[in-house]
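Asker:
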Amino acid sequence: MVFKQVSSPHGHARQKTGEIMQLVVLATLPGFLVLTYQFGWGLLINLLIATLSAISAEALVLKLRNRPIDFYLRDYSAVVTAVLLALALPPLAPWWLVVVATVFSIVIAKQLYGGLGSNPFNPAMVGYVVALISFPIEMTTWVTPISLLAADISHPGLLESLAIVFTDNSPVDGVTGATPLDLFKHNDGLLVEQIYQNNTLFSRASFAGVGWEWANVAFLIGGLALLKARVFTWHGPMAMLGTLALMSMLFWDGGSSNSPGSPIMHLFSGASMLGAFFIVTDPVSSTVSNRGRLIYGALIGLLVYVIRAWGSYPDAVAFAVLLGNFAAPFIDNYTVPRTYGHDKSRRATAKEKSE
Amino acid sequence: MRQIWNTPGGVHPPDNKEQSLTKNIGHLPLPEKLILPLTQHAGTAAKTCVVVGEKVLKGQKLASASAGISAAVHAPSSGWITAIEERSVAHPSGMSAACIEITCDGEDRWIERVSYPNYQQASAMQLRDLIADAGIAGLGGAGFPSAIKLDSGTKKPIDTLIINATECEPYITADDILICERADQIIQGIDIVSHLLGKPKTILIGIENNKPEAIAALNQHCQGTGIEVVYFPTKYPSGGEKQLIYILTGKEVPSGQLPADLGMVCLNSGTAFAIKRAVIDGEPLISRITTLAGEACGVNRNYEILIGTPVSHLLQHNNFDQALCSRLIMGGPMMGFSLASSEVPLIKTSTCILAPSHTEIPDDEPPQPCIRCGLCSEACPASLLPQQLYWYSRAKDHERLQSHNLFDCIECGACSYVCPSNIPLVQYYRSSKGDITNALATKATAAISRERFEFRQVRLEKADIARESKREARRLNTEQAKKMSPSTTQSTGSSAADIIKAAQLRGITKQASPEQQKAKLQRTLLAAQMRLEEAQQRLVQVTNKGSAHQQAQQLASVEAARRKVEQTTQRLTEVSH
Ligand code: SF4
Ligand code: SF4
Numbered sequence: 361m362v363f364k365q366v367s368s369p370h371g372h373a374r375q376k377t378g379e380i381m382q383l384v385v386l387a388t389l390p391g392f393l394v395l396t397y398q399f400g401w402g403l404l405i406n407l408l409i410a411t412l413s414a415i416s417a418e419a420l421v422l423k424l425r426n427r428p429i430d431f432y433l434r435d436y437s438a439v440v441t442a443v444l445l446a447l448a449l450p451p452l453a454p455w456w457l458v459v460v461a462t463v464f465s466i467v468i469a470k471q472l473y474g475g476l477g478s479n480p481f482n483p484a485m486v487g488y489v490v491a492l493i494s495f496p497i498e499m500t501t502w503v504t505p506i507s508l509l510a511a512d513i514s515h516p517g518l519l520e521s522l523a524i525v526f527t528d529n530s531p532v533d534g535v536t537g538a539t540p541l542d543l544f545k546h547n548d549g550l551l552v553e554q555i556y557q558n559n560t561l562f563s564r565a566s567f568a569g570v571g572w573e574w575a576n577v578a579f580l581i582g583g584l585a586l587l588k589a590r591v592f593t594w595h596g597p598m599a600m601l602g603t604l605a606l607m608s609m610l611f612w613d614g615g616s617s618n619s620p621g622s623p624i625m626h627l628f629s630g631a632s633m634l635g636a637f638f639i640v641t642d643p644v645s646s647t648v649s650n651r652g653r654l655i656y657g658a659l660i661g662l663l664v665y666v667i668r669a670w671g672s673y674p675d676a677v678a679f680a681v682l683l684g685n686f687a688a689p690f691i692d693n694y695t696v697p698r699t700y701g702h703d704k705s706r707r708a709t710a711k712e713k714s715e
Numbered sequence: 338m339r340q341i342w343n344t345p346g347g348v349h350p351p352d353n354k355e356q357s358l359t360k361n362i363g364h365l366p367l368p369e370k371l372i373l374p375l376t377q378h379a380g381t382a383a384k385t386c387v388v389v390g391e392k393v394l395k396g397q398k399l400a401s402a403s404a405g406i407s408a409a410v411h412a413p414s415s416g417w418i419t420a421i422e423e424r425s426v427a428h429p430s431g432m433s434a435a436c437i438e439i440t441c442d443g444e445d446r447w448i449e450r451v452s453y454p455n456y457q458q459a460s461a462m463q464l465r466d467l468i469a470d471a472g473i474a475g476l477g478g479a480g481f482p483s484a485i486k487l488d489s490g491t492k493k494p495i496d497t498l499i500i501n502a503t504e505c506e507p508y509i510t511a512d513d514i515l516i517c518e519r520a521d522q523i524i525q526g527i528d529i530v531s532h533l534l535g536k537p538k539t540i541l542i543g544i545e546n547n548k549p550e551a552i553a554a555l556n557q558h559c560q561g562t563g564i565e566v567v568y569f570p571t572k573y574p575s576g577g578e579k580q581l582i583y584i585l586t587g588k589e590v591p592s593g594q595l596p597a598d599l600g601m602v603c604l605n606s607g608t609a610f611a612i613k614r615a616v617i618d619g620e621p622l623i624s625r626i627t628t629l630a631g632e633a634c635g636v637n638r639n640y641e642i643l644i645g646t647p648v649s650h651l652l653q654h655n656n657f658d659q660a661l662c663s664r665l666i667m668g669g670p671m672m673g674f675s676l677a678s679s680e681v682p683l684i685k686t687s688t689c690i691l692a693p694s695h696t697e698i699p700d701d702e703p704p705q706p707c708i709r710c711g712l713c714s715e716a717c718p719a720s721l722l723p724q725q726l727y728w729y730s731r732a733k734d735h736e737r738l739q740s741h742n743l744f745d746c747i748e749c750g751a752c753s754y755v756c757p758s759n760i761p762l763v764q765y766y767r768s769s770k771g772d773i774t775n776a777l778a779t780k781a782t783a784a785i786s787r788e789r790f791e792f793r794q795v796r797l798e799k800a801d802i803a804r805e806s807k808r809e810a811r812r813l814n815t816e817q818a819k820k821m822s823p824s825t826t827q828s829t830g831s832s833a834a835d836i837i838k839a840a841q842l843r844g845i846t847k848q849a850s851p852e853q854q855k856a857k858l859q860r861t862l863l864a865a866q867m868r869l870e871e872a873q874q875r876l877v878q879v880t881n882k883g884s885a886h887q888q889a890q891q892l893a894s895v896e897a898a899r900r901k902v903e904q905t906t907q908r909l910t911e912v913s914h
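First to last, the sequence lines map onto chains A and B. Add 360 to a position in the first sequence, counting from 1, and you land on the number used in the numbering used here. Add 337 to a position in the second sequence, counting from 1, and you land on the number used in the numbering used here.
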């Protein structure tokens, strides 16, 4: 009798790459819902545009590269990129902004490097930064959270939102406004306490900044769920958040007019939690070992703080992540784990000793 | 209870052990033919000591251990030797190798057995010889000849004896059931080994906690013997020798060294049983317990099979349905290899035959790209970075592979098991290991030829200088002669021409004489053979002590020397024809 020859091991664990990616998408749901509640239809429109452009762009490149489209689309990585971009881009941004950012992510930042697994940089963050640098105005116009809207103003409805997005209309005055991080960036001479009193973003907040605090909490919850499902290990996110907290504690400066803000404000503002649990944990562009991930996460946390506090952008997760991606291979070189039976861990580039 | 150390990584594949545990150990009818490979163990092939047509008795030695690492082979039943030739054997590469075929006479008549029930009176050396003579090689899967393992030689005295009853692979229950049914004999075997090793201070039996009955049986029989039964949580691959040592003692076997360097010896429980049989009953290793499992077989059960039984014989007697079977595996699902044909024989290391159905182990899905998720490194018991090894394997970056300790990979398959992208990682590592060993071999060959070339250069130069000075001397002589007797000028001239002619002739003869060429080749062959032997000896040394890399290097020089011997032999035959 003749049998098929297959190499060991025979049989595999259940979890598949496509399922992991789906899980990641699912875990963004709480954050997505909170953001949609706070900032209106714009988010959903972002999501639709981004997903459609990501899948079409991916399919197109795969066709050009002569790869089986079906097979590669089923890894869901394009969808993850689209979802992350949809969450990061400002709601009610013009449609072309979302398309440009997404197509750039998929085509240039991922497929041109060889597709999933071969991209040195996080595709969504590349797309985001390209959009931010090219279209700074559109990229920094944020919608005001629902609870801070003036009595006679409301977020545009679905049709109105579509009109804004597709015809390049600006939303009505008062629908857009500053973010908590913006306030600290553009602070002239106010004490932290005064900022908190003067601005409804803080005075009406529960603990960190209206709109953003609960979104961050929601991303934290989604992230913890992924951690529980062992989609990633705790090292990267905890190192990043820990460093961010530590830095904002060190430079808190007693809440003076020079203070870049409190640890709580930093942890629960902007893209902190989204970055920590959904972007720092992107395995492809991060370091490989757990020790490496501690350093990698800490580096990103540090950079986020430095850029927020002293750079020229209010938020910095995207820049910090790209710099971290850039450093990842170097970190990897020095963080190879100690193998069983060896006294020390080796350098990735160590030469074999011959006697 | 003693402290247990937790190994890094590991996976929890479904156990699937209960299927084969519903029945006791079974026996098969005698097969028509038995096929006995000369290499059923790690090391070199045994040397045949029977001829075709000879009648042999059960237990008679068919092949004796050759020098170095090797183990003898015995007749599992009585009959005639009907062939000694290459047959396909159970090997991952599906290769064929020299085998002895016995056509059974059905009498199953034993040779006279010499037993040593009073082994306490025997010396360590006598016991070791007995074990060597019985052809015992590790029954857990690796098949390292036990007598060599038990020879601590000049190394540290052995103070810890570890019996591996972990059996961490899914489906396999051979050790489990053997313990349940014959724990007393296993303990006897352990006692023999303990006596042989000079009564090590600590004797431990390591077993996973998913075998409560076996643990109970061991506990019962170990009472008052000083043997400690240690059970620990089930996790694959706790049964790896290095992993087990760490779990039980918290010590790591340094890379490229052996447990003996830590004063430890680790034996499989089935091996302990075989040792008992050999010493107390005088029966060499001619049978073993093999698990038959998988949904493509109507019966799942453990059998005490005769070594050399064709797998097909085992399948036939258990309602095997090939249409149901997705693949045929020798060993467990994690480390076992698929068999191309069911005609191969079961050997000393065959722990299990697994014939899964298509739903049980479906065909592999095509691999997706590596997303560097790190699940593989989380699962690796050796703390390697499988994803990096994979990238470097694909890039054929041998330097990086070695700096990432490829040779410390135990090929347990935990990484491939968890990989969500279905990448056959272990396959990459195996082929990379082969490539590196080959590359080192080529390098070693090149080094030898370079050495020889340089040596030749030097010799030629020396010869040139010698010839030059001779010529000079002759010139001076002739000149002197000329001065002395001008009348001889003519004859000198002709003699000079003669000399040149003669020299040319000599040169031609030197080039052409096949005898001389043959003699030279024979000398080269002899030298190459000596070099091969030396290299092999060194290999044994570094296998015992030395880094994995050194081993690979030494393996490479053995390979190079072997190639040289082959080449020279070939040239020699060419010249002789
Ligand atoms: S488990 Fe597979 S996909 Fe994940 S890092 Fe390892 S090799 Fe890559
Ligand atoms: S096969 Fe090698 S790399 Fe993979 S888990 Fe086992 S030891 Fe680690």
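By construction, the Cβ of each residue, glycine as well, lies at the ideal position given by its N, Cα and C atoms. Model, not experiment: these values are computed from the prediction.
(1) Could you give the DSSP three-state label for V566 of chain B: helix, strand or coil?
(2) Of all the CB atoms in chain B, is at least one closer than 8 Å to the CB of T377 of chain A?
(3) Is any beta-carbon of chain A found at less than 8 Å from that of F481 of chain B?
(4) Report all residues for which the CB-ligand distance to some heavy atom of ligand 2 is below 7 Å; order them along the chain.
(5) Go ahead and pull the three-state DSSP assignment for E697 of chain B.
(6) Within 8 Å of any Cβ in chain A, is that where the Cβ of A898 of chain B sits?
(7) Using Cβ-Cβ distances below 9 Å, what residues of the region 571-597 of chain B are close to chain A?
(8) In chain B, what lies closer than 9 Å to D435 of chain A by C-beta?
(9) Distance, Cα to Cα, A679 of chain B vs E641 of chain B?
(10) DSSP state of N639 of chain B, grouped into three classes?
(11) Spell out whether any CB of chain A is found under 8 Å from the CB atom of I542 of chain B.
(12) Which residues does DSSP list as the beta-bridge partners of K398 of chain B?
(13) Quick one: Cα of D528 of chain B to Cα of R446 of chain B, how far?
(14) Using the C-alpha atoms, what's the distance from E715 of chain B back to V348 of chain B?
(15) Going along chain B in order, which residues have a C-beta closer than 8 Å to the C-beta of P697 of chain A?
(16) Taking only the alpha-carbon atoms, compute the straight-line gap between R811 of chain B and Q904 of chain B and give it to the nearest angstrom.
(17) Could you give the distance in angstroms between the alpha-carbon of E715 of chain A and the alpha-carbon of A872 of chain B?
(18) Measure how close the beta-carbons of P454 of chain A and E520 of chain A come, nearest whole angstrom, since I'm counting them as under 8 Å.
(19) Following the continuous beta strand (DSSP E) through I468 of chain A, name the residue where it begins and the one where it ends.
(20) Just mark E736 of chain B as buried or exposed, buried being the case when its beta carbon has 16 or more other beta carbons within 10 Å.
(21) Is M598 of chain A helix, strand or coil by DSSP?
(22) With DSSP collapsed to three states, give me the class of L467 of chain B.
(23) Can a CB atom of chain A be found closer than 8 Å to the CB of Y754 of chain B?
(24) For A677 of chain B, would you say it is in contact with chain A, using Cβ-to-Cβ distances shorter than 8 Å as the test?
(25) Quick check for students: name the residue ranges of the alpha helix (DSSP H) that lie wholly in the region 599-638 of chain B, counting only runs of 4 or more.
(26) Do L445 of chain A and Y397 of chain A have their beta-carbon atoms positioned less than 8 Å apart in this structure?
(27) Once the 5 residues before and after D435 of chain A are set aside, which same chain residues still bring their CB inside 8 Å of it?
(28) If we require 3 or more residues per run, which beta strand (DSSP E) segments fall completely within the region 482-565 of chain B?
(29) Can you tell me which of B:I542, B:G475, B:G668 and B:V877 puts its alpha carbon nearest to the alpha carbon of G933 of chain B?
(30) Report buried or exposed for L373 of chain B, applying the criterion of at least 16 other Cβ atoms within 10 angstroms of its Cβ.
(31) Tell me the rounded alpha-carbon separation between T376 of chain B and L651 of chain B.
(32) For the beta strand (DSSP E) that contains K370 of chain B, what are its first and last residues?
(33) For A301 of chain B, report the span of its beta strand (DSSP E) as first-last.
(34) Could you give the DSSP three-state label for F611 of chain A: helix, strand or coil?
(35) Under 8 Å by Cβ, that's how I've got L627 of chain A and A599 of chain A pegged, so tell me the actual separation to the nearest angstrom.
(36) Thinking C-beta only, is L399 of chain B closer than 8 Å to T419 of chain B?
Answerer: Judging by the given coordinates:
(1) strand
(2) yes
(3) no
(4) B:G346, B:C713, B:A716, B:C717, B:P718, B:A719, B:L721, B:P723, B:L726, B:C746, B:I747, B:E748, B:C749, B:G750, B:A751, B:C752, B:S753, B:L762, B:V763 and B:Y766
(5) coil
(6) no
(7) K579, Q580, Y583, E589, V590, P591, S592, G593 and Q594
(8) Q705, P706, I708 and S758
(9) Here residue 679 of chain B turns out to be Ser, not Ala, going by the sequence shown. S679 of chain B and E641 of chain B: Cα-Cα distance of roughly 18 Å.
(10) strand
(11) no
(12) B:H411
(13) 30 Å
(14) 9 Å
(15) S714, S720, L721 and L722
(16) 42 Å
(17) At E715 of chain A, the pLDDT of 36 sits below 50, so the modelled position is not reliable; the number obtained from the coordinates is stated separately. Approximately 15 Å between the Cα atoms of the pair.
(18) Wrong, their Cβ atoms sit about 15 Å apart, outside the cutoff.
(19) Segment: none, I468 of chain A is in no beta strand (DSSP E) and carries neither H nor E.
(20) exposed
(21) helix
(22) helix
(23) yes
(24) yes
(25) 606-613
(26) no
(27) T377, G378, M381 and L476
(28) 497-501 and 539-545
(29) Given that chain B is displayed from residue 338 to residue 914, the structure contains no residue 933 of chain B and the question cannot be resolved.
(30) buried
(31) 21 Å
(32) K370 to P374
(33) What the structure shows of chain B is the stretch from 338 to 914, and residue 301 of chain B is not part of that stretch, so it cannot be assessed.
(34) coil
(35) At roughly 14 Å, the Cβ-Cβ gap does not stay under 8 Å, so L627 of chain A and A599 of chain A are not in contact.
(36) no
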